[in-house]
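For reference, the structure is listed below as structure tokens.
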Amino acid sequence: MDDLDLNLIKRLTDRLEHLSADSIYAHRASGLRGSLLRYIERIEAGDQIINNDQAQLDQLIEYGFTILELAAKEIGASR
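By the numbering used here, the letter at position 48 of the sequence shown is numbered 51, and the numbering carries on one by one without gaps.
Below you can see the structure in the form of structure tokens.
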């Protein structure tokens, strides 16, 4: 895990935090943020993220971007 990956995860958690509370995706984003924040803590503590943990982290990141995309579509549909 390099600094670029860590920065990506931090930016993703920040974006998820700023979803509108009115969004149907806000509750999902909150739980996902918690999971990502736990990984951030582990990485910053120097833990190695390998094998199954890396696969799970990759899935969480992908899901985070999916939530952001769906929330953006929700905003566009409400206009």
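Note that beta-carbon positions come from the ideal geometry of N, C-alpha and C, so glycine has one too.
So, with DSSP's three-state summary, where would you put residue i?
i   : result
Y3  : Since the displayed the chain opens at 4 and closes at 82, residue 3 lies outside it and no answer follows.
D17 : helix
D5  : coil
G49 : coil
S23 : coil
Could you pull the start and end residues of the alpha helix (DSSP H) that residue i belongs to?
i   : result
A74 : N54 to A80
contact_flag[the stretch 47-56, the stretch 23-31] where n(CB pairs < 8 Å) is 3 or more: no
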